[in-house]
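Heads up: the sequence shown is residues 49 to 346, going by the working numbering.
Here's the structure, in structure tokens; my notes come after.
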Amino acid sequence: MRDRTVELRVGIVVLLAAIIFVWGIIWVKEYRFRQDRYTASVLFPNVGALDVGDPVTVLGVKKGEVEKIILHQGYVLVTFNLTTDVELKEDARFTVMNIGLMGERFVAIEPGHGEKPLDLSRPPLGYYDTGIPEVMGMMGQMVAEIRNLTGYLRGALGTEWSERKIKESIDNVNQLSSDLASLLNKNKAKIDKSINDFLYASSKLKEMVDRNEPKLDTTLSNFSYASGRLEKITSTLEDLSTSLKNVSERVEKGEGTLGQLLNDETLYQDLKRTTDSIDELIKDIKENPKRYFKFELF
């Protein structure tokens, strides 16, 4: 009877231990009973240390886990499950992110706010977020490159020839600075005088402009008026030249009384030369108006 009691107690302890063990596994794995799920697939350019069973979060809340990871047409195709309460929109964003310092990874999802749901039949393209391990790896590479650069500089600048050239360059710069300072000290009075003269000339020029401002306005007005008159004279001369050309042509053809009376070769040549002289005069007036019109500013 006593042995039976002991066996019963041992059986109860083992049963309770098994129940506690199963419950602990369920709690650690965060299983949810009677909760439906669906699967989705996303293409990533890289997944780092992401592995099957890693968590999938939606806005920071765990809603699934990774089921399968395979290579697919130059990308990594990741298949994971999600609870049915997660609604993915057409502008959803998927990112493989870093959890801790050891390089653990998870899939972070932003479900989006679009009007249309995401087409799960065509895997969208996700993003890969560089984590601390990758950054540390790049830092190690950068340190190695800095060491190589330092060694190169030491080899290039640590020779006797380079040291001599650097010293000569520094001496030349010091000598140039000394010569420049000496030159400035010797010509300081001249420089000050030049600056004062420039300021004085500027003030005098301003006074002259202010004093003769009315005359300047009048001169500009006269110049504008003369330009208009010159344009009218030029136009009149052009009309006169055209008329003379017409008369000359009619005389040459013997048209009209004047043509019949003056149909003389000598007279015709004189008219021709006169017309050419007028054309040259018009051209010269256009090119050199100062020969015929004189303007004084003050």
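All C-beta atoms, glycine included, are put in the ideal place defined by N, C-alpha and C.
Taking a contact to mean a Cβ-Cβ separation below 8 angstroms, would you say residue i touches residue j in this structure?
i	j	result
F142	V61	no
T131	G160	no
E135	K164	no
I117	A140	no
S296	T323	yes
T105	F154	yes
Considering residue i, what are the terminal residues of the beta strand (DSSP E) in which it resides?
i	result
N129	123–131
P165	P165 -> no beta strand (DSSP E), and no H or E assigned at all.
P103	103–106
E115	109–120
V90	85–92
V95	Note, V95: premise wrong, no beta strand (DSSP E); not H, not E.
V100	No beta strand (DSSP E) contains V100, which DSSP labels as neither H nor E.
T143	141–146
E158	153–158
Would you kindly report the start and end of the unbroken alpha helix (DSSP H) that includes residue i?
i	result
A237	236–259
How many angstroms separate the CA atom of residue i from the CA atom of residue j?
i	j	result
S289	L247	55 angstroms
D258	D265	11 angstroms
L64	G101	29 angstroms
N129	G174	16 angstroms
E335	S291	23 angstroms
R82	V191	Since pLDDT at R82 reaches only 48, below the 50 mark, its modelled position is unreliable, and the value read off the structure follows with that caveat. Near 54 angstroms, if we compare the C-alpha coordinates of V191 and R82.
D240	S251	17 angstroms
T87	T127	7 angstroms
L319	K293	9 angstroms
D177	L98	12 angstroms
L40	I68	Given that the chain is displayed from residue 49 to residue 346, the structure contains no residue 40 and the question cannot be resolved.
K215	E193	28 angstroms
L166	N196	50 angstroms
L329	L253	39 angstroms
I333	K280	12 angstroms
P262	S275	20 angstroms
S242	W209	46 angstroms
K110	P103	7 angstroms
V114	G59	39 angstroms
I218	L232	21 angstroms
R212	D227	22 angstroms
V221	N235	21 angstroms
S169	N146	27 angstroms
A237	T267	42 angstroms
W71	R85	22 angstroms
N260	N270	15 angstroms
V144	L119	15 angstroms
Y273	N244	41 angstroms
M256	A229	39 angstroms
K331	R321	15 angstroms
L56	A66	15 angstroms
S225	A249	32 angstroms
Compute the beta-carbon to beta-carbon distance between residue i and residue j, rounded to the nearest angstrom, for a pair I have assumed lies under 8 angstroms.
i	j	result
I326	L278	16 angstroms between Cβ atoms; not a contact.
Shorter than 8 angstroms from the beta carbon of residue i to some beta carbon of chain B?
i	result
L63	Among the chains of the structure shown, chain B does not appear; only one protein chain is present.
Taking 8 angstroms as the cut-off, does the stretch 118–137 touch the stretch 91–103 (at least 3 CB pairs, one atom from each stretch)?
By the C-beta criterion, the stretch 91–103 is judged to be in contact with the stretch 118–137, since at least 3 inter-stretch pairs fall below 8 angstroms.
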